[in-house]
């Protein structure tokens, strides 16, 4: 689960810096994007969670789809060279936020009923620590990329 959370937590650390640098966005533009991104995620969950329940797919199949969704979002946003393309990436991730509950559910099936409290507390601690741990590597990576880009552009 830590590997699942790391990209989300890391992106949250540098996303504003990225769009400010790439598209010249300021706080109002980024706020509009963040609001739309959250709204898309919520609406996607409202549609797809009942659909998954109706289809009665196995959790393992759902988890694969749930992991593909944010992967596509990040791929589209990473390759976007126009702001509208960055917005379009959000529409690729209609269900990705649902992956943590499904992963927790699958993990709970692997332990005895009496051990589930320990497992869930461990996962909660992991979910709380990953953003703290990943923040510095992502910030450092951002600085290195920004420096390399500046050097390449000003040669």
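Residue numbers (this note's numbering): 41 to 195. Note that the Cβ used here is the ideal one computed from N, Cα and C, for glycine as well.
Output the distance between the C-alpha atoms of residue 159 and residue 133, rounded to the nearest integer angstrom.
28 Å
Quick check: the Cα distance between residue 104 and residue 86, rounded to an integer number of angstroms?
19 Å
Nearest CA to the CA of residue 59: which residue from 117, 175 and 148?
117
Do you know how far the Cα of residue 140 is from the Cα of residue 164?
So the alpha carbons of these two residues sit roughly 11 Å apart.
Using the three-state DSSP reduction, which class does residue 119 fall into: helix, strand or coil?
helix
Cβ-based burial, residue 174 [other Cβ within 10 Å; buried from 16]:
buried
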